[in-house]
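Novice: Residue numbers (the numbering used here): 3 to 386. Every residue gets a Cβ at the ideal spot worked out from N, C-alpha and C, and that includes glycine. Encoded as structure tokens, here's the structure I'll be asking about.
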């Protein structure tokens with residue numbers, strides 16, 4: 003426990019109270035919290051639910067509301083091409099955080115190793131450490147999966163491979179061919195994949211998101227993690243889910259029961275209508291993010307000392323900044339000078355050093371120029 007560090011996206015805004023007393027507001031682009039509203043149909047479902055006495059204001063079944071599990075199974079079949087039994091192969095959790103945490107607790111014993119991409123989401127390593135495991139980082143090659151490097155990282159203690167698709171922070175969308183090679187690797191070494199697909203809707207330029215579990219031979223070796231925070235702007239609702247083989251869901255259920263008993267009942271009720279009734283909201287949200295992505299591409303191209311790849315998915319630019327400073331110091335300096343809060347790239351893995359993650363989830367198009375201007379002004383003062 004003592005070796006587990008605070009989560010960087012939660013601490014990024016610390017240490018800038020002096021700027022907050024200035025004339026300009028802090029512009030925080032450190033998280034993927036959407037600035038768009040939750041679908042009206044979801045809110046309406048909750049409002050109706052809380053009017054019903056003793057139904058959605060109490061505990062639910064630990065596995066989650068039956069109607070939500072059925073909605074999840076319907077979505078996974080129609081959207082992802084994988085059939086799951088809502089009674090035994092789906093678990094509703096308090097956000098994807100809990101799904102990932104409980105999944106790792108269910109499969110990792112002290113000293114076991116878990117493969118993690120470098121860079122990838124800041125919380126994976128901490129969760130592995132809390133389970134008593136050891137994270138073995140495998141560096142992406144030009145932002146793509148390096149299958150040979152993954153093979154070399156496997157040892158007799160390797161139990162799982164956890165990754166997100168699209169990747170956070172690079173925005174890479176892994177191809178069917180890359181994922182098929184992962185499936186072969188899982189089978190050859192009897193490894194479980196824990197796949198975080200929270201950004202699956204956010205893919206651009208005609209790309210298609212492929213769910214790992216949908217590939218031949220993968221279903222029994224994959225724990226699929228997803229939720230409602232990003233695509234439905236429900237970050238504060240804390241509703242996620244895990245889908246996988248029943249033996250694994252049963253293990254996770256025991257930990258989940260001791261940890262939280264069950265997620266919020268009325269939040270689950272709202273989530274249960276999201277997939278079937280809020281598709282237009284998702285399409286509009288993706289289009290909005292894509293416009294922001296393209297505007298940022300034009301604006302960032304003019305900033306000296308900054309290089310990057312156009313993100314294929316998710317809602318981030320992963321900026322390489324040649325400043326001579328480590329990423330944590332650079333992020334703090336930019337925040338204190340310009341009130342622009344970005345996430346230090348080193349939090350995502352060793353290869354993330356000299357990078358900053360720039361989120362456009364809460365950056366209106368009208369403020370793109372301002373945000374990039376603040377970055378440019380800070381770098382002009384910092385970089386020799």
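For residue 272, count the other beta carbons within 10 Å of its own beta carbon; 16 or more makes it buried, fewer makes it exposed. Which is it?
Specialist: Looking up residue 272 in the chain shown gives position 270. Buried, because 16 or more other Cβ atoms sit within 10 Å of the Cβ of residue 272.
Novice: For residue 2, count neighbouring Cβ atoms within 10 angstroms of its own Cβ and tell me buried if that reaches 16, exposed if not.
Specialist: Only positions 3 to 386 of the chain appear in the structure, and residue 2 is not among them; the question remains open.
Novice: Output needed for residue 371: all residues of its chain with C-beta closer than 7 Å, excluding positions within five of it in sequence on either side, in chain order.
Specialist: Here the question's residue 371 lines up with position 369 in the chain shown. Excluding sequence neighbours, residue 371 sits near 301.
Novice: Measuring CA to CA, which of 378, 384, 376 and 346 is closest to residue 123?
Specialist: Against the chain shown, residue 123 aligns to sequence position 121. Out of 378, 384, 376 and 346, 346 has the C-alpha closest to the C-alpha of residue 123.
Novice: What is the DSSP secondary structure of residue 109, reduced to helix, strand or coil?
Specialist: Residue numbering aside, residue 109 sits at position 107 when the chain shown is read from its first letter. Of the three classes helix, strand and coil, the one that applies to residue 109 here is helix, per DSSP.
Novice: May I ask which residues mark the beginning and end of the beta strand (DSSP E) holding residue 244?
Specialist: Counted from its first residue, the chain shown places residue 244 at position 242. Note, residue 244: beta strand (DSSP E), 242-245.
Novice: Taking 8 Å as the threshold (C-beta atoms), are residue 241 and residue 214 in contact?
Specialist: Taking the chain shown and counting its residues from 1, the one referred to as residue 214 is at position 212. Taking the chain shown and counting its residues from 1, the one referred to as residue 241 is at position 239. Residue 214 is not a Cβ neighbour of residue 241, given a cutoff of 8 Å.
Novice: Taking the beta carbon of residue 61 as the centre, do at least 16 other beta carbons fall within 10 Å, making it buried, or is it exposed?
Specialist: In the chain shown, counting from the first residue as 1, residue 61 sits at position 59. Residue 61 is exposed by the Cβ-count criterion.
Novice: With H, G and I counted as helix, E and B as strand and the rest as coil, what does DSSP make of residue 157?
Specialist: Here residue 157 refers to the residue found at position 155 when the chain shown is read from its first residue. Looking at residue 157 - three-state DSSP - the assignment turns out to be coil, as it is neither helix nor strand.
Novice: Could you tell me the alpha carbon to alpha carbon distance between residue 121 and residue 351, rounded to whole angstroms?
Specialist: Counted from its first residue, the chain shown places residue 121 at position 119. Counted from its first residue, the chain shown places residue 351 at position 349. For residue 121 and residue 351, the distance between alpha carbons rounds to 5 Å.
Novice: Let me know the secondary structure DSSP gives residue 346 once reduced to three states.
Specialist: Stepping through the chain shown from its first residue, residue 346 is reached at position 344. In the structure shown, residue 346 adopts extended strand secondary structure according to DSSP, grouped into three states.
Novice: To the nearest whole angstrom, what separates the beta carbons of residue 160 and residue 115, a pair I think is in contact under 8 Å?
Specialist: As a first step, residue 160 is located in the chain shown; it is residue number 158 there, counting from the start. As a first step, residue 115 is located in the chain shown; it is residue number 113 there, counting from the start. Yes, they are in contact, since the Cβ atoms of residue 160 and residue 115 sit about 5 Å apart, within 8 Å.
Novice: Is DSSP giving residue 81 helix, strand or coil here?
Specialist: Numbered from its first residue, the chain shown carries residue 81 at position 79. In this structure, residue 81 counts as helix in the three-state DSSP scheme.
Novice: In terms of residues, what are the limits of the beta strand (DSSP E) holding residue 339?
Specialist: Against the chain shown, residue 339 aligns to sequence position 337. Careful: residue 339 lies outside any beta strand (DSSP E), inside the alpha helix (DSSP H) at 329-340.
Novice: Looking at the structure shown, is residue 357 part of a helix, part of a strand, or coil, going by DSSP?
Specialist: Looking up residue 357 in the chain shown gives position 355. Note: residue 357 maps to strand in three-state DSSP.
Novice: Would residue 259 and residue 94 be called neighbours here (beta carbons separated by less than 8 Å)?
Specialist: As a position in the chain shown, residue 259 is number 257, starting the count at 1. As a position in the chain shown, residue 94 is number 92, starting the count at 1. No, these two residues do not count as a Cβ contact at 8 Å.
Novice: What residues in its chain sit with their C-beta under 6 Å from that of residue 353, if we drop five residues either side in the sequence?
Specialist: Counted from its first residue, the chain shown places residue 353 at position 351. Contacts found: 120, 121 and 141.
Novice: Which whole-angstrom value is the C-beta distance of residue 46 and residue 265, which I expect to be below 8 Å?
Specialist: For the purposes of this step, residue 46 is taken as the residue at position 44 of the chain shown. For the purposes of this step, residue 265 is taken as the residue at position 263 of the chain shown. Actually they are not in contact, since the Cβ atoms of residue 46 and residue 265 sit about 20 Å apart, beyond 8 Å.
Novice: Rank 156, 130 and 204 by C-alpha distance to the C-alpha of residue 188 and give the top, closest one.
Specialist: Start at 1 with the first residue of the chain shown, and residue 188 comes out as number 186. Closest by alpha carbon: 156.
Novice: Helix, strand or coil for residue 385, going by three-state DSSP, please let me know.
Specialist: Looking up residue 385 in the chain shown gives position 383. It is coil, neither helix nor strand.
Novice: Opposite residue 29 in the DSSP bridges: which residues?
Specialist: Here the question's residue 29 lines up with position 27 in the chain shown. Per DSSP, 342.
Novice: Work out the CA separation of residue 294 and residue 366 for me, nearest whole Å.
Specialist: Position 364 of the chain shown, counted from the start, is the residue given in the question as residue 366. Position 292 of the chain shown, counted from the start, is the residue given in the question as residue 294. Taking the straight line from one Cα to the other gives about 7 Å.
Novice: Closest to residue 244 by CA distance: which of 99, 54 and 55 is it?
Specialist: Within the chain shown, numbered from 1, the residue matching residue 244 stands at position 242. The residue with the shortest Cα to Cα distance from residue 244 is 99.
Novice: Which one of 311, 378, 42 and 296 has the shortest CA to CA distance from residue 282?
Specialist: What you label residue 282 is simply residue 280 of the chain shown in a count that begins at 1. Checking every option, the nearest Cα to that of residue 282 belongs to 42.
Novice: When you compare only the Cα positions, how much space is there between residue 196 and residue 106?
Specialist: Against the chain shown, residue 196 aligns to sequence position 194. Against the chain shown, residue 106 aligns to sequence position 104. A direct Cα-Cα distance of roughly 8 Å separates residue 196 from residue 106.
Novice: Determine the direct distance from the alpha carbon of residue 117 to that of residue 125, and round the result to whole angstroms.
Specialist: For the purposes of this step, residue 125 is taken as residue 123 along the chain shown, with counting starting at 1. For the purposes of this step, residue 117 is taken as residue 115 along the chain shown, with counting starting at 1. Distance between the alpha carbons of residue 125 and residue 117 is about 14 Å.
Novice: Put residue 219 into one of helix, strand or coil per three-state DSSP.
Specialist: Numbered from 1 along the chain shown, position 217 holds the residue referred to as residue 219. Residue 219 falls in the coil class under three-state DSSP.
Novice: Tell me which residues share the same chain as residue 381 and place their Cβ nearer than 8 Å to its Cβ, disregarding the 5 neighbours each side in the sequence.
Specialist: The count along the chain shown starts at 1 and reaches residue 381 at position 379. Closer than 8 Å at the Cβ level, and outside the excluded window around residue 381, lie 305, 306, 307, 308, 323, 325 and 336.
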